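Here the numbering used here is used: the first residue of the sequence shown is 19, the next is one more, and so on.
Accompanying notes for the structure given below.
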Amino acid sequence: MTQTDIHEQSETLGFQAEVKQLLHLMIHSLYSNKEIFLRELVSNASDACDKLRFEAIDNPDLFQGDTDLRIRVEYDKDARTVTISDNGIGMTRDEAIANLGTIARSGTKEFFSQLTGDKQKDAQLIGQFGVGFYSSFIVAQKVSVLSRRAGVAETDAILWESDGQGEFSISPVEKADRGTSVTLYLRDGEDDFLGGWKLREILRRYSDHISLPIQMHKEEWDAEKSEQVKKNEWETVNQANALWTRAKSEVTDEQYQEFYKHIAHDFDDPLAWTHNRVEGRSEYTQLLFIPKRAPMDLWDREGKRGVKLYVKRVFIMDDAEQLLPTYLRFVRGVIDSADLPLNVSREILQESRDVRVIREGSAKRILSLLEDMAENKPEQYTEFWTQFGQVLKEGTGEDTNNKERIAKLLRFASTQAEGSAQTVSLADYVSRMKEGQDKIYYVSADSFAAASNSPHLEIFRKKGLEVLLLSDRVDEWMLSYLREFDGKPLVSIAKGGLDLDTLADEEEKKHQAEVAETFKPLVERLQTALGEKVKEVRVTSRLVDSPACVVVDENELSPHLLRMLQAAGQSAPEVKPILEINPEHALVGRLQAAPEEDFSEWALLLLDQAMLAEGAALAEPAAFVKRMNRLLLNQTA
19 MTQTDIHEQS
29 ETLGFQAEVK
39 QLLHLMIHSL
49 YSNKEIFLRE
59 LVSNASDACD
69 KLRFEAIDNP
79 DLFQGDTDLR
89 IRVEYDKDAR
99 TVTISDNGIG
109 MTRDEAIANL
119 GTIARSGTKE
129 FFSQLTGDKQ
139 KDAQLIGQFG
149 VGFYSSFIVA
159 QKVSVLSRRA
169 GVAETDAILW
179 ESDGQGEFSI
189 SPVEKADRGT
199 SVTLYLRDGE
209 DDFLGGWKLR
219 EILRRYSDHI
229 SLPIQMHKEE
239 WDAEKSEQVK
249 KNEWETVNQA
259 NALWTRAKSE
269 VTDEQYQEFY
279 KHIAHDFDDP
289 LAWTHNRVEG
299 RSEYTQLLFI
309 PKRAPMDLWD
319 REGKRGVKLY
329 VKRVFIMDDA
339 EQLLPTYLRF
349 VRGVIDSADL
359 PLNVSREILQ
369 ESRDVRVIRE
379 GSAKRILSLL
389 EDMAENKPEQ
399 YTEFWTQFGQ
409 VLKEGTGEDT
419 NNKERIAKLL
429 RFASTQAEGS
439 AQTVSLADYV
449 SRMKEGQDKI
459 YYVSADSFAA
469 ASNSPHLEIF
479 RKKGLEVLLL
489 SDRVDEWMLS
499 YLREFDGKPL
509 VSIAKGGLDL
519 DTLADEEEKK
529 HQAEVAETFK
539 PLVERLQTAL
549 GEKVKEVRVT
559 SRLVDSPACV
569 VVDENELSPH
579 LLRMLQAAGQ
589 SAPEVKPILE
599 INPEHALVGR
609 LQAAPEEDFS
619 EWALLLLDQA
629 MLAEGAALAE
639 PAAFVKRMNR
649 LLLNQTA
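Right, dumping it as structure tokens:
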């Protein structure tokens, strides 16, 4: 095919809007560490070779006699280019457009909405999002990608080119061998990358862990030219064996960190990791990492998650979600099994006994890592909890075998902790329980502010009893599985039948009985006035500063959970509130003296106020305002 033919068949296409925005950020050097581009391109080349090896399990002809997979890095001082080549799976025209012209990943919209214009903050976000191929434009004014898909004809290769300014061209070309070559035409001022020593140093630092050989031309010193001269001979510059197969004593922290960045496409170091070889009824190696920050798609049900699966060091699949329970979906890493078949599919993974053993073992290993962190590195654990605590809470219902271990790892806000930070463990709470207290008390609400200002807390604050303040959406679901801890039941203070008698002295109990009898007529009047709007009216000792509150029976769904169900469009049973009144409050005293014609209005106002304090939306807010205004005017007349 001649150059004229190529030109005539060349197409110019526009980048996806998100790509344009990302390229603009990249080109304007949000990264101070420009050499990161080489790690990203070598990582992509490694993935391409892994994918070929996987597809060739069912179709060995894809190798076409060339089974020695490799990555090569070259530079040309005169042309000012750096080229990264692989003999992996390659790309078709459509794959090149999809992979190089668009960002087809969940969390994209949220990522761009969080950009602030602050270079340092945005750089961290971009690193968290991952950019892969687009990091080329940090150092390159133009990028060319020559690729031929394994199994297609030499004439079906493609040439993709762009200057990163919003468009790219794609043309049909010929290529003798399969795989991809990415050529970077360096910008002025990027001469550091036009030397073999510098490139080797970067590759050894960032990509030494890659199991494929990374090759460069051998170089020798030419005294006459006073420079290194390339020889027509290739040498491997990395160790070229899988990092997870090495003994832990042979791997440095820096190598673990770089390997994590390779598999997770993250620019931050991991928060922690665990590396183990497991032998027994199933034999496998696990190298698992906990990221420092939550990925953008952590809550996306369609988002890809899971670890990389290898069988006898042969790559099988990315995102093997069956190897870890869902509540550990933030974990990244590699699991290499010695027992699974090479042609294993996702369907087989779901049914495999070996996979169940791996999943259970990996979950226990991660929990052990978290336990060690919580006990010995509390600041690091707080960092973990801030990012992934809500996800870990899901484990109380999902992983019944480890529920007690997970419960010990949970952290909550509390009336005895500062601010909204979730730092209190259930063990902390139990250690501070009052003499005679046999329950763990909590209140749940739509927000921390609503929980911490709940009227239900009044008697607990007065008595110095600690209450957990729950405001995460997952909390109500968690509580349906986590009923007790250390033999002590978890009890909502917003439910009826709250038994604080064990913490009251005889004089208090006598006084409460007398008050209940004294206010019995008022309770009956309120019950008549409110009718079907309430299940019951009763006197309570749980309030100190508020005139009234609403509660539900112990076995009924909490108001907070009912609101969540309704907001999600799910059917929820009708639960009538119980109105509890504070006999010590001046407003209740005023209610007793209210004329009969105003009593019903006062009763409704008291109920609506209690509902609002609970966080509920009133069925008739306009009627509430009119009623309140009318009663206020009557008082001032």
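The C-beta atom is built at its ideal place from N, Cα and C for all residues, glycine as well.
Computed from a predicted structure; not experimentally measured.
Within the same chain, show all residues whose beta-carbon is closer than 6 Å to that of W291, passing over the 5 residues directly before and after it, in chain order. Y274, F307
If I follow the unbroken beta strand (DSSP E) through D104, where does it start and stop? 99–104
Spatial neighbours of W620 in its chain, beta-carbon cut-off 7 Å, leaving aside the 5 residues before and after: L609, A612, L649
Between S432 and the ligand ATP, is the CB less than 8 Å from at least one heavy atom? This structure does not include the ligand ATP; it has no bound ligands of any sort.
Quick one: is Q146 buried, meaning 16 or more other Cβ sit within 10 Å of its Cβ, or exposed? Note that Q146 scores 47 on pLDDT, short of 50, meaning its location in the model is unreliable; the coordinates nonetheless yield the value given after this. With 16 or more Cβ atoms within 10 Å of its Cβ, Q146 is classed as buried.
Would you tell me roughly how many angstroms separate the C-alpha atoms of M646 and A631, rounded to the nearest one? 16 Å
Residues bridged to L327 [DSSP beta-bridge criterion]: M335, I353
Buried or exposed by the 16-neighbour rule on C-beta atoms within 10 Å, applied to N361: exposed
According to DSSP, is L625 helix, strand or coil? helix
Find the nearest neighbour of S564 within the set M629, F430, V352, judged by alpha-carbon distance. M629
Segment limits, alpha helix (DSSP H) that includes A604: 604–611
Helix, strand or coil for E73, going by three-state DSSP, please let me know. helix
For I220, I'd like the list of residues in its chain whose CB is within less than 6 Å of its CB, leaving aside the five on either flank, ordered along the chain. E53, L56
Could you name the residues that DSSP lists as bridge partners for R57? DSSP output for R57 lists no bridge partner at all.
State the Cα-Cα distance for the pair E532 and E598, rounded to the nearest angstrom. 16 Å
Since E179 sits in a beta bridge, which residues does DSSP pair it with? S162, S187
In the DSSP output, what is E237 paired with across the bridge? K248
Tell me whether I599 sits in a helix, a strand or coil according to DSSP, three-state version. strand
Closest by C-alpha distance to R223, when choosing among S472, A74, A435, E272: E272
Between D318, R323, P507, which lies nearest to I281 when the distance is taken from Cα to Cα? R323
Given A122, which residues of its chain have a CB within under 7 Å of its CB, disregarding the five upstream and five downstream residues? Residue confidence is low: A122 scores 46 on pLDDT, short of 50, so the model does not pin down where it sits. No coordinate-derived value is stated.
Within its chain, find whatever has a CB closer than 8 Å to the CB of L548; leave out the 5 residues flanking it on each side and keep chain order. V555, L597, A621, L622, L625
Option nearest I228 by Cα separation, candidates K160, A260, L202, K236: A260
Measure the Cβ-Cβ separation of L59 and V200 and say whether it is below 9 Å. yes
D104 to E73 span [Cα, whole Å]: 16 Å
Apply the 10 Å Cβ neighbour rule to D226 and answer buried if 16 or more other Cβ atoms are within range, or exposed otherwise. buried
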